[in-house]
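Notes follow once the structure below has been shown.
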Amino acid sequence: MLPADAQEYRRWLGRDCDIDHPRAHSEFVTRKKYTDRSALLTKTADKIACRDWVAEQGLSEILTPAFVTRDIDEAVANITPSCFVKMNNASGRNLRVETVRGNERQQLEAWWSLPYGEDKGEWCYQDIEPGVVIEPILLPPIHVVWRLLCWYGVPRYIEAHEYEYNKTLTHTMYTLPDYAPVDVVINDRDRRDVARPVELERMLEIARVLSRPFDFVRVDLFGSVYFSELTHYPRSGRYKYTPDSFDFELGKEWR
Numbered sequence: 002m003l004p005a006d007a008q009e010y011r012r013w014l015g016r017d018c019d020i021d022h023p024r025a026h027s028e029f030v031t032r033k034k035y036t037d038r039s040a041l042l043t044k045t046a047d048k049i050a051c052r053d054w055v056a057e058q059g060l061s062e063i064l065t066p067a068f069v070t071r072d073i074d075e076a077v078a079n080i081t082p083s084c085f086v087k088m089n090n091a092s093g094r095n096l097r098v099e100t101v102r103g104n105e106r107q108q109l110e111a112w113w114s115l116p117y118g119e120d121k122g123e124w125c126y127q128d129i130e131p132g133v134v135i136e137p138i139l140l141p142p143i144h145v146v147w148r149l150l151c152w153y154g155v156p157r158y159i160e161a162h163e164y165e166y167n168k169t170l171t172h173t174m175y176t177l178p179d180y181a182p183v184d185v186v187i188n189d190r191d192r193r194d195v196a197r198p199v200e201l202e203r204m205l206e207i208a209r210v211l212s213r214p215f216d217f218v219r220v221d222l223f224g225s226v227y228f229s230e231l232t233h234y235p236r237s238g239r240y241k242y243t244p245d246s247f248d249f250e251l252g253k254e255w256r
């Protein structure tokens, strides 16, 4: 485990990470970063290649309409008003373009050659050829992204992650499949009761298919119903739960 990664884990969670004898979910995710070398992790972490993989699973209908390219000139030429521009090889490198201002190339060039995840041991990103996914904005400014936590093809929990643009408003956990609220605070965020999504059964079907090859993955969905991404290392294994005992409860899902 990289020293900087161990230090950040300790800073966020207030304890050392034992990846040799993991018990907490955060420890298992951290161990996964340093031990799981499946090529499928890299393929599905690549937001371009993952779209093809999702279609191969028979789920092309959940893909957003999008323009994808690994050429920066093509990317800039296809940026239009009211779109999201997402780097394919990183987390959080997104542009929300309401009006094209002409400075989008500068930001993309800065991201294009900037490595992601090396300091955190996030192996799956290191061999991804950079590119972008350009999607129309399909959600209102305030919206919910549904994050299904899945182990061995079984969705066990769902997070209702409420955003205003890219700012987190609330973060609430429910069990699956019954959608019962969990008394836990996630990353010190506020909680709010969020109604059971009418598409929950469909979300569960999708999550079962997409999570089947993995010991753990988070399946992120939105709207009615669109695919967002697969997340193999949520917050790089530094999710903070209050009470901390819930981290160890989630750890019981690992075999």
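Per this note's numbering, the very first residue in the sequence shown carries number 2; after that it's consecutive. Just so it is clear, CB atoms sit at the ideal spot from N, CA and C, and this is done for glycine as well. Everything numeric in this text was worked out from a predicted model, so none of it was measured.
Item, Value
"If arginine 52 and leucine 64 are in contact, beta carbons under 8 angstroms, what's the gap, nearest whole angstrom?", "6 angstroms"
"Does valine 101 come out as helix, strand or coil in the three-state DSSP assignment?", "coil"
"On a Cα-Cα basis, can you pick out the residue from Leu222, His233 and Arg97 that is closest to valine 134?", "Arg97"
"Write down the C-beta distance between tyrosine 166 and proline 142 rounded to the nearest angstrom, noting that I regard them as a contact closer than 8 angstroms.", "6 angstroms"
"Hey, which unbroken runs of the beta strand (DSSP E) at 3 residues or more fall wholly within the segment 8 to 84?", "68 to 70"
"What is the DSSP secondary structure of proline 244, counted as helix, strand or coil?", "coil"
"Within 8 angstroms, do at least three Cβ pairs link the segment 65 to 83 to the segment 197 to 216?", "no"
"Measuring alpha carbon to alpha carbon, tell me which residue in Gln107, Thr176 and Leu222 is nearest arginine 203.", "Leu222"
"What are the residues that DSSP puts in a beta bridge with arginine 148?", "Glu160 and Asp221"
"Out of Arg12, Leu14 and Asn89, state which residue places its alpha-carbon closest to the alpha-carbon of tryptophan 112.", "Asn89"
"Taking the beta strand (DSSP E) that methionine 2 belongs to, which residues open and close that run?", "Neither: methionine 2 is in no beta strand (DSSP E) and is coded neither H nor E."
"Measuring straight from C-alpha to C-alpha, what distance separates arginine 1 and aspartate 184?", "Residue 1 is absent from the structure shown; the chain starts at 2 and stops at 256."
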